[in-house]
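> Before anything else, here's the structure in question.
Numbering (the working numbering), first residue to last: 14 to 80.
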């Protein structure tokens, strides 16, 4: 899910938030954020929802189903 990796990285940088701060806000590990951003791991559905709510975007946007 290369689109997801690109979008979460872009959203995080736009908000000027570190990977560690995002991990803490989402209740996940720092390494998991790294894996998502480098497309080494895919988020679970509940984590997609958490990310979408945190960044105030749709899950469809995160998954590349809409622009």
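All C-beta atoms in this analysis are idealised placements derived from N, C-alpha and C, irrespective of residue type, glycine included.
The structure displayed is predicted, hence computed values, not measured ones.
1. Could you tell me the distance, in whole angstroms, from the CA atom of residue 28 to the CA atom of residue 35?
2. In the DSSP assignment, the alpha helix (DSSP H) including residue 26 goes from what residue to what residue?
3. Just curious, the alpha helix (DSSP H) that residue 62 is in, first and last residue?
4. What do you reckon, are the CB atoms on residue 39 and residue 63 nearer than 8 Å?
5. Pull up the distance between the alpha-carbon of residue 17 and that of residue 70, whole angstroms please.
6. Do you know how far the Cα of residue 58 is from the Cα of residue 73?
In short, the structure shows the following:
1. The straight-line gap separating the alpha-carbon atoms of residue 28 and residue 35 is approximately 10 Å.
2. From DSSP, the alpha helix (DSSP H) with residue 26 extends over 15-27.
3. Its alpha helix (DSSP H) spans residues 58-68.
4. A contact, by the Cβ cut-off of 8 Å.
5. If you take the alpha carbons of residue 17 and residue 70, they lie about 12 Å apart.
6. Just so you know, the alpha carbons of residue 73 and residue 58 end up roughly 12 Å apart.
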